[in-house]
Amino acid sequence: MSAADPEFDPAPSVAPERVEADPNDPTSDTDSAADAAEEPRQKEWWEDAKLPWKGKPRREDILCWIGFSLSGIIGLIMIPLRPVLLGSAPLALVAITGSRSGLVTIGALSAVGRADWWLVGLILGIVSCVKWDPLFWWAGKLWGHGLIELVAGRSKWAARNAGRAEALARRYGVPAILLAYVVPLPAAVIYATLGMAGMRLRKFLIVDLIGSAIICSLWMFLGHQLGQSAVNVVDLIARYSGYISIGLLVLIIGQAVWRAKRRAARA
8 MSAADPEFDP APSVAPERVE ADPNDPTSDT DSAADAAEEP RQKEWWEDAK
58 LPWKGKPRRE DILCWIGFSL SGIIGLIMIP LRPVLLGSAP LALVAITGSR
108 SGLVTIGALS AVGRADWWLV GLILGIVSCV KWDPLFWWAG KLWGHGLIEL
158 VAGRSKWAAR NAGRAEALAR RYGVPAILLA YVVPLPAAVI YATLGMAGMR
208 LRKFLIVDLI GSAIICSLWM FLGHQLGQSA VNVVDLIARY SGYISIGLLV
258 LIIGQAVWRA KRRAARA
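Going by the numbering used here, the letters in the sequence shown line up with residues 8 to 274, in that order.
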């Protein structure tokens with residue numbers, strides 16, 4: 008091919024020079040901002056849709072959530088300990104959990120002359136039964152419908168019961184606190200709805216304590232009427248309480264493993 012050929016280029020090919028970004032050029036900042044905007048922002052822990060609050064949690068939100076966590080941990084720990092305490096220390100069981108079976112046991116023991124301290128057990132039971140209730144009232148006041156959505160999100164059955172409990176609280180108001188002790192609906196939703204509706208804490212606590220006093224007295228009276236027959240059952244539970252506790256512990260661990268596998272399968 009000759010030099011006269013128009014397709015012939017005698018000059019060597021030169022690689023294009025790399026142009027460095029000028030820090031004084033405003034367009035370079037715009038490009039950097041655009042690149043940064045394209046990168047997905049990592050969500051904060053408190054932006055989880057499963058949490059009841061909207062936006063960044065306040066101090067009171069954190070405190071209320073810690074209270075819920077504490078109540079759950081105590082409840083979980085007490086599951087395998089209940090059979091042991093029922094047979095050996097029903098007063099401690101009632102003081103910690105407000106256990107109805109513990110109240111029945113104390114009533115039965117008093118009937119056979121083995122619990123002169125039954126009144127102490129009744130008072131402890133009344134207080135223990137309501138110890139977490141103000142927390143749900145507070146959650147309703149803080150988060151509105153957030154706690155109800157949290158309870159309802161567990162399953163279709165939970166959503167249906169939560170809806171019924173909310174409707175009950177909105178319809179009856181103060182009497183709904185008493186109904187929470189007898190109807191098979193989540194009391195937490197009833198209390199949260201009343202807190203959301205603006206009921207005063209003092210009124211809530213007074214009515215709640217009245218309801219607790221009535222129901223605890225009835226359970227203890229039932230135990231007193233059963234007498235020795237109930238004591239025989241408690242003594243039998245106490246004899247095998249160790250095995251029962253181990254069985255419950257295995258059940259808790261097995262359920263936790265099953266739920267973890269189920270969540271992993273969904274992910």
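Each residue gets a CB set at the ideal place from its N, CA and C atoms; glycine is no exception.
Beta-carbon proximity of Pro90 to Ile259, cut-off 8 Å: no
Gly170 (DSSP reduced to helix, strand or coil): In the structure shown, Gly170 sits in a helix (DSSP, three-state: H, G or I).
Cβ shell of Asp68 (< 7 Å), same chain only, five flanking positions each side left out: Excluding sequence neighbours, Asp68 sits near Trp60, Leu149.
Assigned secondary structure, Ala22 (DSSP; H/G/I helix, E/B strand, else coil): Its pLDDT being 48, under 50, Ala22 is placed unreliably by the model, and the measurement read from it follows with that caveat. Looking at Ala22 - three-state DSSP - the assignment turns out to be coil, as it is neither helix nor strand.
C-alpha gap between Glu173 and Tyr188, whole angstroms: 15 Å
Validate contact between the region 71-89 and the region 191-199 using beta carbons, cut 8 Å, 3 pairs: no
Coarse secondary structure for Pro141, derived from DSSP in three states: helix
Anticipated Cβ contact below 8 Å, Leu185 with Gly160, distance rounded: Wrong, their Cβ atoms sit about 27 Å apart, outside the cutoff.
Rounded distance between the beta-carbons of Gly94 and Ile244, thought under 8 Å: 5 Å
CB of Ser135 within 8 Å of CB of Thr104, strictly: yes
Spatial neighbours of Ser162 in its chain, beta-carbon cut-off 8 Å, leaving aside the 5 residues before and after: Scanning its chain for C-beta atoms nearer than 8 Å, with the 5 sequence neighbours on each side dropped, one finds no residue around Ser162.
Neighbourhood of Ser78 by C-beta, 8 Å cutoff - its chain only, sequence neighbours within 5 removed: Trp139, Leu142
Assigned secondary structure, Gln232 (DSSP; H/G/I helix, E/B strand, else coil): Helix.
Reference Asp215; option with closest CA among Arg121, Ile133, Thr200, Leu229: Ile133
Simplified DSSP assignment, three categories, for Leu175: Leu175: helix per DSSP, three-state reduction.
Distance CB(Ala115)-CB(Gly261) smaller than 8 Å: no
Cβ-based burial, Ala176 [other Cβ within 10 Å; buried from 16]: buried
Touching by the beta-carbon criterion (3+ pairs, under 8 Å), the region 235-242 and the region 203-214: no
Nonlocal neighbours in the same chain, by C-beta distance under 8 Å from Lys242, ignoring five residues either side: The amino acid occupying residue 242 in the given sequence is Asp; Lys does not appear at that position. Correct list, in chain order: Gly94.
N-terminal and C-terminal residue of the alpha helix (DSSP H) that Met203 is part of: 194-203
Minimum C-alpha distance to Ile73 - residue among Leu129, Ala146, Val257: Ala146
Buried versus exposed, by CB contacts within 10 Å (16 or more), Gly230: buried
Per-residue burial, Val56 [other beta carbons within 10 Å of its own, 16 or more giving buried]: Sequence inspection shows Ala at residue 56; the Val mentioned does not correspond to that position. It counts as exposed.
Cβ pair Cys131, Val111 closer than 8 Å: Strictly speaking, residue 131 in this sequence is Leu, with Cys absent from that position. For Leu131 and Val111, no; Cβs fall outside 8 Å.
Separation of Leu88 from Val264, as counted between CA atoms: Each residue's alpha carbon lies about 21 Å from the other.
Residue burial classification, Val158 (beta-carbon count within 10 angstroms, cutoff 16): buried
Beta-carbon gap between Ala204 and Leu154 smaller than 8 Å: no
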